[in-house]
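Note that the sequence shown covers residues 16 to 224 in our numbering.
All C-beta atoms, glycine included, are put in the ideal place defined by N, C-alpha and C.
The structure appears right after this line, and notes come after that.
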Amino acid sequence: MSVNADLLRLIAGLFFGIALPRIPLLFFTRFLSLERELAPHPDPIPLGVPLIQRLLLMRRVHAMCWVICILPLSMGILILKSSPEPLGVGLIAGAAWFIFSRLVPLHIERGFGVLPLSLIQEVNNFREPQADCCHQQFLQWEVRAIRCKNCRYVALDSPRPDLGRIRSDGRLLGSLRILLMDGHSVFPPNEESLVGQGVELFGKIAEEE
Ligand SMILES: [Zn+2]
Numbered sequence: 016m017s018v019n020a021d022l023l024r025l026i027a028g029l030f031f032g033i034a035l036p037r038i039p040l041l042f043f044t045r046f047l048s049l050e051r052e053l054a055p056h057p058d059p060i061p062l063g064v065p066l067i068q069r070l071l072l073m074r075r076v077h078a079m080c081w082v083i084c085i086l087p088l089s090m091g092i093l094i095l096k097s098s099p100e101p102l103g104v105g106l107i108a109g110a111a112w113f114i115f116s117r118l119v120p121l122h123i124e125r126g127f128g129v130l131p132l133s134l135i136q137e138v139n140n141f142r143e144p145q146a147d148c149c150h151q152q153f154l155q156w157e158v159r160a161i162r163c164k165n166c167r168y169v170a171l172d173s174p175r176p177d178l179g180r181i182r183s184d185g186r187l188l189g190s191l192r193i194l195l196m197d198g199h200s201v202f203p204p205n206e207e208s209l210v211g212q213g214v215e216l217f218g219k220i221a222e223e224e
């Protein structure tokens with residue numbers, strides 16, 4: 016068997032290992048006409064019941080991805096049990112990538128997963144804000160933060176995750192973006208990331224020395 020054929024099988028395995036668990040994320044809301052209750056992508060969404068319902072639905076879609084992840088993982092293990100096949104290695108590596116991407120939290124305080132329950136709770140609390148920013152407060156989730164439409168006050172400095180709407184960049188390009196970003200926003204979280212904090216700490220130590 017040539018090296019090229021092995022490599023092709025490894026890449027095919029990797030592709031299926033990465034794409035299969037994300038199928039609910041790609042198709043579930045987008046191809047089931049669940050669009051009507053939300054404004055089309057990429058418009059901001061007012062903080063209300065439809066947004067919270069959609070966030071909870073997307074959480075269930077992410078849970079579905081975990082269930083489907085069993086498929087490439089068990090297929091890979093079954094293949095490797097019978098023969099040392101590169102396709103099996105690719106399937107396991109792709110599925111493992113999915114698992115690690117979910118197990119490593121972006122914010123330790125917020126919890127695990129793309130849509131932690133604590134974030135949804137935080138967004139829900141803004142439906143009854145304690146302090147008014149202006150006399151016509153209208154909070155909505157824009158691409159980069161939850162802001163007031165009228166006075167531009169930032170209520171929550173957190174980029175909007177994928178809400179399962181058909182993306183404005185088309186189905187094909189939109190699907191590719193979801194596959195790569197995994198439902199996260201393309202914008203980095205505005206809060207300090209663990210890596211950012213590490214780099215800052217390292218810089219301080221270097222300065223002291
Ligand atoms: Zn305002």
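I need the DSSP call for Val169, collapsed to helix, strand or coil.
strand
In the structure shown, what three-state DSSP assignment does Leu62 receive?
coil
Around the C-beta of Ser17, are 16 or more other C-beta atoms found within 10 angstroms, so that it is buried, or is it exposed?
exposed
Would you be able to state if there are at least three C-beta pairs under 8 Å between the region 99-114 and the region 49-66?
no
Going by C-alpha to C-alpha distance, which of Ala27, Ser173, Glu137, Ala34 sits closest to Ile83?
Ala34
Rounding to the nearest angstrom, what Cα-Cα distance links Phe113 and Leu187 in this structure?
21 Å
Would you tell me roughly how many angstroms separate the C-alpha atoms of Met79 and Leu40, rounded to the nearest one?
8 Å
Residues near ligand 1, CB to any non-hydrogen atom under 5 Å, in chain order?
Cys148, Cys149, Gln152, Cys163, Asn165, Cys166, Tyr168
Confirm, please, whether the CB-CB distance from Ile161 to Ala170 is below 8 Å.
yes
Between Ser235 and Gly103, what straight-line distance do the alpha-carbon atoms span, to the nearest angstrom?
Since the first residue shown for the chain is 16 and the last is 224, residue 235 is missing from the structure and cannot be characterised.
Classify Met90: buried if its beta carbon has 16 or more other beta carbons within 10 angstroms, exposed otherwise.
buried
Within 8 Å, strictly: CB atoms of Asn165 and Gln155:
no
Please classify Met73 as buried or exposed, where buried requires at least 16 neighbouring CB atoms within 10 angstroms.
buried
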